[in-house]
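Participant: The structure follows.
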Amino acid sequence: MPNIRHILETRVSAAMAAAYPEAAGAPAIVQASADSRFGDYQANGAMALAKRLGQKPHDVAGRVVEQLKGDAQVSDMADVPPPVGPGFINFRLRPKWIEHRLGEINRVKPEGEGRPSGERPGDEDRLGVEPAAESETVVVDYSAPNLAKEMHVGHLRSTIIGDALVRMLDFAGHRPVKQNHVGDWGTQFGMITAYFDSETRGLDQRTDVIASWQGVHVKDFEELYRRAKRLFDENPKFAAAAREYVVRLQGGDSEIKRRWEHLKYNSLWHCNQVYKRLGVYFANEDFRGESAYNDVLPDIVKTLADKGMLTESEGAQCVFLQSEIRNPKSEMPSGKPLFANKDGDPLPLIVQKSDEGYLYSTTDLAAIAFRTGCLPEIRNPKSQIRNETSPKASRILYVVDARQALHFQMVFECAYQAGFAKRGEHDLVHVAFGTMMDENGRPFKTREGGTVKLMDLLDEAERRARDLVDQKQTDLSRRDPNGPDGQAGLSDEERRDIARKVGIGAVKYADLSQNRTSDYVFSWDKMLSLQGNTAPYMQYAYARVRSIFRKGEHDEAETRRDAAPIPVPEAAEAALGKAILQFPETLDRALADYRPNILAAYLYDLAQAFTAFYDACPVLKSDEPTRTHRLKLCDLTARVMHRGLDLLGIETAERM
5 MPNIRHILET RVSAAMAAAY PEAAGAPAIV QASADSRFGD YQANGAMALA
55 KRLGQKPHDV AGRVVEQLKG DAQVSDMADV PPPVGPGFIN FRLRPKWIEH
105 RLGEINRVKP EGEGRPSGER PGDEDRLGVE PAAESETVVV DYSAPNLAKE
155 MHVGHLRSTI IGDALVRMLD FAGHRPVKQN HVGDWGTQFG MITAYFDSET
205 RGLDQRTDVI ASWQGVHVKD FEELYRRAKR LFDENPKFAA AAREYVVRLQ
255 GGDSEIKRRW EHLKYNSLWH CNQVYKRLGV YFANEDFRGE SAYNDVLPDI
305 VKTLADKGML TESEGAQCVF LQSEIRNPKS EMPSGKPLFA NKDGDPLPLI
355 VQKSDEGYLY STTDLAAIAF RTGCLPEIRN PKSQIRNETS PKASRILYVV
405 DARQALHFQM VFECAYQAGF AKRGEHDLVH VAFGTMMDEN GRPFKTREGG
455 TVKLMDLLDE AERRARDLVD QKQTDLSRRD PNGPDGQAGL SDEERRDIAR
505 KVGIGAVKYA DLSQNRTSDY VFSWDKMLSL QGNTAPYMQY AYARVRSIFR
555 KGEHDEAETR RDAAPIPVPE AAEAALGKAI LQFPETLDRA LADYRPNILA
605 AYLYDLAQAF TAFYDACPVL KSDEPTRTHR LKLCDLTARV MHRGLDLLGI
655 ETAERM
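Set out below in structure tokens:
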């Protein structure tokens, strides 16, 4: 069954079309009510429709309500009172409908039972989320660290936002294709190789540092890069040597390529250790860095030239994007510039430097053409980048810092004009995000002003979480040495596992619970608090629900065997039931805006609704059948929380 919001939008749109046939297709604009006194859902489309028709909004809303009252599906689902205010149409869900719907989503299909079209293995407990009617192939480009350096906090947001979007897209029934466009090519590799060859003996000879090229650790590559960069900037002779190494690498020199591959392997190994800590997983085929597109870059530039889109400027090949593609025979661009500086001068998208080197923009264009399956003819027969191996995505999401907005606007427009993507067929989206700030409102740094390594941040998170777990266990033991629900007396291994889940979860949730487009302040105290919208609060709420089943010695599986209605006679029960039923539409909203924080906010509201229910409605002390009904509500709450947190990439603990 479609989610509540979708059902109401469909029925309101039909009612508007029936009341005003001349305005068929007008949006219903349905959302959950901000004030429950007026109802559970509200439709605001009548006001926009009234403006379009030149009539009074309240009168238009009244006619729509009359149509809705004659709709059997709506009447079965909700009460529709007369419109209020200028033209708000409210809906109050009927208790019987809530009870039946809760029963439907409660039942978990036994293994082997047939599943509807579009449902995949492992989808037995979908909690009301229907697979997408039209499944899309969606490329998600995220994380993308530069190799030969340790990952730092600047990589956190792209990595975990991208991972959450992949998880949500997959659960919603789409086909996400992970792409980690690592920075594995360029001048820095020439600098490192040249410096290593000339200065190896001057480095610290610790066993884990430079004993041989094969012994270089990623930390040492980073130190090599710092020293090489300094020498590159100060010594023209060394700079020339570094560039020569790059030329040799690009030319396929076997020794230089072997070193580059070793450097790349070591760097990716380090990245995978960080990803493992974060619970983010990339298969080997998900890593497709800049180097993967080298063979096709000449063909990308040739295509732009053939289409008359290139202009030479100071020896570089540039695209000056305009509202119209110019005539290939014209010498100067024609049409209105789409991008200009503050003085009104057209801004170029440079695709080839005067020394014939390529830029990020060229590689990004090649990646788009490959991902959409719109590559031009590739002249290099050895190229692995071909339309035959393309994922042929209809959507490509770039989870990249908001400061790259102009770059992506220009690259996307160039891709459309060049035919590397087709308007209306391929959706290119920059999923921009803000910056992590310290408590003084400055970019997050170490005390010395350096970049915070991601591994160090995660170590600190787990250490602080372990202190929190130990303190809570001490408090529980003092109150009741036996633990009222088996919580006290956790082993050291259990505490370590909980601290890992809480610490890593706290870092991730503190980020994902923010609007991704905003900067946010990183605060250890806030993110590790057991109060408020934090991971520890959410994880504790989940563990609290699970403790009810342990205390009552009740098997959760028993509550999931049938689809019988779940009565919700008490106000707190009904509120919790309605919150549970909003999970599917919340996932829709989060994906529509690519905003994991929408899901995080919903889970927090659900946890609060459960707390209110638990305080008002005894569970284990209730008589049957109320006891079973309330246990089902508890189990549904835990299942939604577990699934929702998992979609955010956050683990839960059965005990805390």
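For the record, in the sequence shown the residue sitting at position 466 is 470 according to the numbering used here, with numbers rising by one throughout. Where a beta carbon is used, it is the ideal one built from N, C-alpha and C, also for glycine. Source: prediction; values computed, not measured.
Could you name each continuous beta strand (DSSP E) segment of 3 residues or more that falls completely within the stretch 60 to 112, going from the start of the chain to the end?
Facilitator: DSSP runs (the beta strand (DSSP E)) wholly in the stretch 60 to 112: 93 to 97.
Participant: On the criterion of 16 or more Cβ atoms from any shown chain inside 10 Å, does A465 qualify as buried, or is it exposed?
Facilitator: Locating residue 465 in the sequence shown gives position 461, counting from the first residue. So A465 counts as buried.
Participant: Over the uninterrupted beta strand (DSSP E) stretch that includes I260, give me the two end residues.
Facilitator: Stepping through the sequence shown from its first residue, residue 260 is reached at position 256. Premise fails: I260 lies in the alpha helix (DSSP H), S258 to L282, not in any beta strand (DSSP E).
Participant: So what does DSSP say about N444, is it helix, strand or coil?
Facilitator: Numbered from 1 along the sequence shown, position 440 holds the residue referred to as residue 444. The answer is coil: DSSP assigns N444 none of H, G, I, E or B.
Participant: Using 10 angstroms around the beta-carbon of T211, count the other beta-carbons present and answer buried if the total reaches 16, otherwise exposed.
Facilitator: Locating residue 211 in the sequence shown gives position 207, counting from the first residue. In this predicted model, T211 has a pLDDT of only 36, less than 50, meaning its place in the structure is not dependable enough to derive any value.
Participant: So, are the CB atoms of A613 and L591 less than 7 Å apart?
Facilitator: Position 609 of the sequence shown holds residue 613. Position 587 of the sequence shown holds residue 591. No, the pair does not count as a contact, with Cβ atoms beyond the cut-off.
Participant: Identify whether D471 lies in helix, strand or coil by the three-state DSSP scheme.
Facilitator: The count along the sequence shown starts at 1 and reaches residue 471 at position 467. Residue state, collapsed to three classes: helix.
Participant: Which runs of the beta strand (DSSP E) spanning at least 3 residues fall entirely within the stretch 393 to 423, listed in chain order?
Facilitator: 399 to 405
Participant: Which value, in whole angstroms, describes the spacing of the CA atoms of Y541 and I8?
Facilitator: Walking along the sequence shown from the start, residue 541 turns up at place 537. Walking along the sequence shown from the start, residue 8 turns up at place 4. Those two C-alpha atoms are separated by around 28 Å.
Participant: So which of L12, I33, R230 and A32 has the shortest CA-CA distance to G454?
Facilitator: In the sequence shown, residue 454 corresponds to position 450, counting from 1. Of the candidates L12, I33, R230 and A32, the one whose C-alpha sits nearest the C-alpha of G454 is R230.
Participant: With burial defined as no fewer than 16 other Cβ atoms inside 10 Å of the residue's Cβ, what is the status of V251: buried or exposed?
Facilitator: Within the sequence shown, the letter at position 247 stands for residue 251. Burial call: exposed.
Participant: Which residues in the same chain as E658 place their Cβ atom closer than 7 Å to its Cβ, once the five residues preceding and following it in sequence are excluded?
Facilitator: Numbered from 1 along the sequence shown, position 654 holds the residue referred to as residue 658. Cβ within range, chain order: A547 and R550.
Participant: Assuming contact is defined by CB atoms lying nearer than 7 Å, are A245 and A198 in contact in what I supplied?
Facilitator: The residue labelled residue 245 in the question sits at position 241 within the sequence shown. The residue labelled residue 198 in the question sits at position 194 within the sequence shown. Against a cut-off of 7 Å, the Cβ pair of A198 and A245 comes out as a contact.
Participant: Give every residue of the same chain whose Cβ lies closer than 8 Å to the Cβ of A27, excluding the five residues on either side of it in the sequence, and list them in chain order.
Facilitator: Your numbering for residue 27 matches position 23 in the sequence shown. Cβ within range, chain order: M20, A21, L53, R56 and L57.
Participant: Use the C-beta contact count for N288: other C-beta atoms within 10 angstroms, 16 or more gives buried, fewer gives exposed.
Facilitator: Residue mapping note: residue 288 aligns to position 284 of the sequence shown, counting from 1. Exposed, by the Cβ-count rule.
Participant: Rank L480, L267 and G190 by C-alpha distance to the C-alpha of Y362 and give the top, closest one.
Facilitator: Here the question's residue 362 lines up with position 358 in the sequence shown. Checking every option, the nearest Cα to that of Y362 belongs to G190.
Participant: Taking the C-alpha atoms as reference points, what is the distance between L151 and V88?
Facilitator: The residue you call residue 151 lines up with position 147 of the sequence shown. The residue you call residue 88 lines up with position 84 of the sequence shown. If I take the Cα positions, the gap works out to 59 Å.
Participant: Does the pairing of the stretch 295 to 315 with the stretch 349 to 360 give three or more beta-carbon distances under 8 Å?
Facilitator: yes
Participant: Can you tell me whether DSSP reads A503 as helix, strand or coil?
Facilitator: On the sequence shown, position 499 is the one that residue 503 refers to. Helix.
Participant: Is the Cβ-Cβ distance between V16 and A47 less than 7 Å?
Facilitator: Indexing the sequence shown from 1 puts residue 16 at position 12. Indexing the sequence shown from 1 puts residue 47 at position 43. In this structure, A47 lies closer than 7 Å to V16 by Cβ.
Participant: Pull up the CB-CB distance for S139 and H178, whole angstroms please, since I reckon it's below 8 Å.
Facilitator: As a working mapping, residue 139 is identified with position 135 in the sequence shown. As a working mapping, residue 178 is identified with position 174 in the sequence shown. Indeed they touch by this definition, with Cβ atoms about 5 Å apart.
Participant: Between A520 and R111, what straight-line distance do the alpha-carbon atoms span, to the nearest angstrom?
Facilitator: Translated into positions along the sequence shown, residue 520 becomes position 516. Translated into positions along the sequence shown, residue 111 becomes position 107. In the sequence as displayed, the identity of residue 520 is Arg instead of Ala. Those two C-alpha atoms are separated by around 35 Å.
Participant: Give the range of the beta strand (DSSP E) segment to which V181 is assigned.
Facilitator: The residue labelled residue 181 in the question sits at position 177 within the sequence shown. R179 to Q183 is the span of the beta strand (DSSP E), which, as asked, contains V181.
Participant: Would you report the Cα separation of E134 and E259, rounded to the nearest angstrom?
Facilitator: On the sequence shown, residue 134 is found 130 positions in, with the first residue counted as 1. On the sequence shown, residue 259 is found 255 positions in, with the first residue counted as 1. Their backbone Cα atoms lie some 54 Å apart in a straight line.
Participant: Identify whether H434 lies in helix, strand or coil by the three-state DSSP scheme.
Facilitator: As a first step, residue 434 must be located in the sequence shown, where it is residue number 430. In the structure shown, H434 adopts extended strand secondary structure according to DSSP, grouped into three states.
Participant: Measure the beta-carbon distance from E2 to L342 and round it to whole angstroms, keeping in mind my assumption that it falls under 8 Å.
Facilitator: Outside the displayed span of the chain (5 to 660) sits residue 2, for which this structure offers no information.
Participant: Can you tell me the Cα-Cα spacing of D349 and V435, whole angstroms?
Facilitator: Residue 349 sits at position 345 when you count from the first residue of the sequence shown. Residue 435 sits at position 431 when you count from the first residue of the sequence shown. About 28 Å.
Participant: For V181, which option in H266, T393 and I602 has the closest C-alpha, if you only look at C-alpha atoms?
Facilitator: The residue labelled residue 181 in the question sits at position 177 within the sequence shown. Restricting attention to H266, T393 and I602, the CA atom closest to the CA of V181 is found in T393.
Participant: Give a yes or no on whether the C-beta atoms belonging to V506 and A469 are separated by under 7 Å.
Facilitator: For this step, residue 506 is matched to residue 502 along the sequence shown. For this step, residue 469 is matched to residue 465 along the sequence shown. Result yes, Cβ atoms of V506 and A469 sit closer than 7 Å.
Participant: Name the DSSP beta bridge partners of T315, please?
Facilitator: Position 311 of the sequence shown, counted from the first residue, corresponds to residue 315. According to DSSP, T315 bridges with C322.
Participant: Is the beta carbon of N94 less than 7 Å from the beta carbon of G49?
Facilitator: Looking up residue 94 in the sequence shown gives position 90. Looking up residue 49 in the sequence shown gives position 45. Cβ distance not < 7 Å, so N94 and G49 don't count as in contact.
Participant: Would M688 be called buried (16 or more neighbouring beta carbons within 10 Å of its own) or exposed?
Facilitator: Summary: the structure shown does not reach residue 688, with the chain confined to residues 5 through 660, and so no result is reported for it.
Participant: Apart from the five residues on each side of it in sequence, which residues of its chain come closer than 7 Å, Cβ to Cβ, to K386?
Facilitator: Your numbering for residue 386 matches position 382 in the sequence shown. These residues qualify, in order along the chain: D299.
Participant: Mark E248 as exposed unless 16 or more other C-beta atoms lie within 10 angstroms of its C-beta, in which case mark it buried.
Facilitator: Reading the sequence shown from its first residue, position 244 is the one you call residue 248. The residue in question, E248, is exposed, as its Cβ has fewer than 16 Cβ neighbours within 10 Å.
Participant: Determine the direct distance from the alpha carbon of V284 to that of I214, and round the result to whole angstroms.
Facilitator: To locate residue 214, count along the sequence shown from 1; it is residue 210. To locate residue 284, count along the sequence shown from 1; it is residue 280. In this prediction, I214 has a pLDDT of 38, which is less than 50 and means its spatial position is unreliable; nothing more can be read from the coordinates.
Participant: Whole angstroms is fine: what's the gap from R631's alpha carbon to G556's?
Facilitator: Indexing the sequence shown from 1 puts residue 631 at position 627. Indexing the sequence shown from 1 puts residue 556 at position 552. Their Cα atoms are separated by approximately 11 Å.
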